[in-house]
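What follows is a set of notes on a single structure, which appears directly below.
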Amino acid sequence: ALGLATPMSIMVGTGRGARAGVLFKDAAALEALEKVDTLVIDKTGTLTLGKPLLVSVEAVQGSEADLLSLAASLEQASEHPLAGAIVKGAKERGAALLPVTDFQSVTGQGISGVVGGRKVAVGNRQMLAQAAPVASLDQSAARLRAEGQTVVLVAIDGVAVGLLGVTDPLKPMAKEEVARLRQQGLRVVMLTGDSRATAERVAREAGVDEVRAEVTPAEKADVVKQLQAARRVIAMAGDGINDAPALARADVGIAMGTGTDVAIQSAGVTLVSGDLAGIARARSLSRATMRNIRQNLVFAFLYNTLGIPIAAGVLYPVFGLLLSPMIASVAMSLSSVSVIGNALRLRRLSL
Numbered sequence: 389a390l391g392l393a394t395p396m397s398i399m400v401g402t403g404r405g406a407r408a409g410v411l412f413k414d415a416a417a418l419e420a421l422e423k424v425d426t427l428v429i430d431k432t433g434t435l436t437l438g439k440p441l442l443v444s445v446e447a448v449q450g451s452e453a454d455l456l457s458l459a460a461s462l463e464q465a466s467e468h469p470l471a472g473a474i475v476k477g478a479k480e481r482g483a484a485l486l487p488v489t490d491f492q493s494v495t496g497q498g499i500s501g502v503v504g505g506r507k508v509a510v511g512n513r514q515m516l517a518q519a520a521p522v523a524s525l526d527q528s529a530a531r532l533r534a535e536g537q538t539v540v541l542v543a544i545d546g547v548a549v550g551l552l553g554v555t556d557p558l559k560p561m562a563k564e565e566v567a568r569l570r571q572q573g574l575r576v577v578m579l580t581g582d583s584r585a586t587a588e589r590v591a592r593e594a595g596v597d598e599v600r601a602e603v604t605p606a607e608k609a610d611v612v613k614q615l616q617a618a619r620r621v622i623a624m625a626g627d628g629i630n631d632a633p634a635l636a637r638a639d640v641g642i643a644m645g646t647g648t649d650v651a652i653q654s655a656g657v658t659l660v661s662g663d664l665a666g667i668a669r670a671r672s673l674s675r676a677t678m679r680n681i682r683q684n685l686v687f688a689f690l691y692n693t694l695g696i697p698i699a700a701g702v703l704y705p706v707f708g709l710l711l712s713p714m715i716a717s718v719a720m721s722l723s724s725v726s727v728i729g730n731a732l733r734l735r736r737l738s739l
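Read left to right, the sequence shown gives residues 389 to 739 (this note's numbering).
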C-alpha cells in the first residue's frame, strides 16, 4: 500500500490531465505546480491571440504607400509575429513587395536591410535612434501606445519617416481566466517586450497584477530569477523561442501547445489547445493529486499501524485472539485495493 500510494495517484492524475488537454512531462511538474504562488505569463501568443493585425500606418515624410511597401518588404525576411502582420496588412492594402539584400536582425529590437536600393530600418525606438533622429515620431507613437497598439518605427536612408501600429487582441475569456487564477491565490505577472504604455493597457484589460514591460528575451529568465530570489515559487507560461530560457528557469514551465517546439521541450507542462483555462485546470489537478497522495498515505499507514500489532499478537494476552494468516492476507489485499480505489477517484475529477 505504501509503495502504491504515490505512483498510483500520479499515474491517474497525469491520465486525467491528458484527457483535459494538459500534458505533464514528469511527476515533478505535477507535484511542484501545487506550491506555485506566482504565475509569470508572456503577453504575445499566451495572453493574447498571437495573431497581430496591422491597424495604423502613419507617415511624417513621404507617402504612406511607400512607407508600407518598404517596411513590409523588409519584414518578409523576419520570423517575428509582428512581421507577419505587417506583411499581411501590406498585401491587403495592395502594397508592392520588393527584394531585400543585406538583411540584419537585432534580437528584441528590430531589423534592417536594403530594399530597392534604399537602406531601411524597422524596429523599436532604441534601434531606430541609432539610425536616425526619432523625436518627430514620439507624439504619434505615444498616442498609438495609449490605444494599446504595438508601435514599430520606420527609417529610410537615415531619416525617420513614420510608424506602423499593430494590435494583438486578448484571447477569448482571457480576463475571466486571469480572474480565476487570482482566485486560486496566484499573483499574475505579465512579461512583454512592448512599451510600458501598451503593456499597461493590455494588463488593465486582462486584470493582471503586475507588468514587466520592455523586457528583452534574455531578460525574461532574469525576471524569473529575481522573483525566485524573493522566495516566490514561479510558474512561467509562454509559447515562443524567446520564452524557452525563462520556461526552463521557472519552478514549473508551462508551454502553449500552439507555440514553438523549443518552448514545449523547455517546459514541464504543455497545454494542448494553448487555452489559458488550461493553467487553472493544471493547478487544480495538481492540488487534487497531491491531496489524493496524502489520503493514500493515511490509508496505508492506518492499515499498517493497526494490522502489524494485531498480527504480532497484541490482542492475545487480553482476548486470546491471534490473527489468522488468511485474514492477514485479505487485509493486506484490501489495503492495496483501498489505495488504488482512492487514486481512481481522480478520473472523475471535475476540471
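A virtual CB, placed ideally from N, CA and C, is assigned to each residue, including glycine.
For residue j and residue i, the rounded distance between their alpha carbons
{"i": "residue 713", "j": "residue 723", "result": "15 Å"}
{"i": "residue 433", "j": "residue 559", "result": "9 Å"}
{"i": "residue 746", "j": "residue 538", "result": "Past the edges of the chain, shown from 389 to 739, lies residue 746, and the structure says nothing about it."}
{"i": "residue 666", "j": "residue 394", "result": "24 Å"}
{"i": "residue 513", "j": "residue 452", "result": "19 Å"}
{"i": "residue 609", "j": "residue 398", "result": "29 Å"}
{"i": "residue 639", "j": "residue 654", "result": "12 Å"}
{"i": "residue 421", "j": "residue 705", "result": "50 Å"}
{"i": "residue 523", "j": "residue 516", "result": "11 Å"}
{"i": "residue 668", "j": "residue 600", "result": "22 Å"}
{"i": "residue 409", "j": "residue 660", "result": "5 Å"}
{"i": "residue 468", "j": "residue 431", "result": "14 Å"}
{"i": "residue 412", "j": "residue 546", "result": "50 Å"}
{"i": "residue 649", "j": "residue 628", "result": "8 Å"}
{"i": "residue 506", "j": "residue 662", "result": "41 Å"}
{"i": "residue 573", "j": "residue 423", "result": "11 Å"}
{"i": "residue 697", "j": "residue 719", "result": "13 Å"}
{"i": "residue 496", "j": "residue 470", "result": "12 Å"}
{"i": "residue 656", "j": "residue 540", "result": "34 Å"}
{"i": "residue 626", "j": "residue 702", "result": "59 Å"}
Sequence-distant residues of the same chain with beta carbon closer than 7 Å to residue i, five excluded per side
{"i": "residue 460", "result": "474, 475, 478, 483 and 485"}
{"i": "residue 490", "result": "501 and 502"}
{"i": "residue 521", "result": "548"}
{"i": "residue 576", "result": "427, 429, 566, 569, 570, 596 and 597"}
{"i": "residue 594", "result": "435, 558, 562, 563 and 566"}
{"i": "residue 616", "result": "622"}
{"i": "residue 481", "result": "456"}
{"i": "residue 632", "result": "650, 651 and 654"}
Residue of the options minimising C-alpha distance to residue i
{"i": "residue 710", "options": "718, 719 and 700", "result": "700"}
{"i": "residue 511", "options": "394, 490, 466 and 678", "result": "466"}
{"i": "residue 441", "options": "528, 555, 453 and 497", "result": "555"}
{"i": "residue 418", "options": "406, 429 and 428", "result": "406"}
{"i": "residue 443", "options": "551, 672, 581 and 507", "result": "551"}
{"i": "residue 589", "options": "616, 546, 533 and 603", "result": "533"}
{"i": "residue 602", "options": "673, 446, 582 and 695", "result": "582"}
{"i": "residue 553", "options": "676, 662, 652 and 456", "result": "456"}
{"i": "residue 678", "options": "425, 734 and 645", "result": "734"}
{"i": "residue 681", "options": "719, 739 and 728", "result": "728"}
{"i": "residue 536", "options": "641, 586, 506 and 495", "result": "586"}
{"i": "residue 544", "options": "526, 504, 651 and 580", "result": "504"}
{"i": "residue 739", "options": "425, 525 and 673", "result": "673"}
Burial state of residue i, where buried means 16 or more other Cβ atoms lie within 10 Å
{"i": "residue 715", "result": "exposed"}
{"i": "residue 690", "result": "exposed"}
{"i": "residue 463", "result": "buried"}
{"i": "residue 529", "result": "buried"}
{"i": "residue 404", "result": "buried"}
{"i": "residue 707", "result": "exposed"}
{"i": "residue 416", "result": "exposed"}
{"i": "residue 721", "result": "exposed"}
{"i": "residue 642", "result": "buried"}
{"i": "residue 717", "result": "exposed"}
{"i": "residue 392", "result": "buried"}
{"i": "residue 458", "result": "buried"}
Own chain partners of residue i with C-beta closer than 6 Å, once the 5 adjacent residues on each side are dropped
{"i": "residue 630", "result": "605"}
{"i": "residue 619", "result": "none"}
{"i": "residue 493", "result": "499"}
{"i": "residue 634", "result": "608, 609, 612 and 624"}
{"i": "residue 449", "result": "549"}
{"i": "residue 676", "result": "737"}
{"i": "residue 578", "result": "429, 431, 591, 596 and 599"}
{"i": "residue 748", "result": "Because the chain spans 389 through 739 in this model, residue 748 falls outside it and cannot be assessed."}
{"i": "residue 658", "result": "411, 643, 645 and 652"}
Per DSSP, the bridge partner or partners of residue i
{"i": "residue 412", "result": "657"}
{"i": "residue 431", "result": "Residue 431 is not bridged to any residue."}
{"i": "residue 492", "result": "500"}
{"i": "residue 598", "result": "577"}
{"i": "residue 644", "result": "659"}
{"i": "residue 506", "result": "503"}
{"i": "residue 353", "result": "Because residue 353 is not part of the residues shown, which for the chain are 389 to 739, the question remains open."}
{"i": "residue 426", "result": "575 and 622"}
{"i": "residue 558", "result": "436"}
{"i": "residue 548", "result": "543"}
{"i": "residue 511", "result": "498 and 541"}
Residue i Cβ short of 6 Å to the ligand GTP heavy atom set
{"i": "residue 606", "result": "You won't find the ligand GTP in this model; it holds no ligand whatsoever."}
Same chain, Cβ closer than 8 Å to residue i, neighbours up to 5 away in sequence not counted
{"i": "residue 390", "result": "685, 688, 689 and 692"}
{"i": "residue 437", "result": "556, 557, 558 and 559"}
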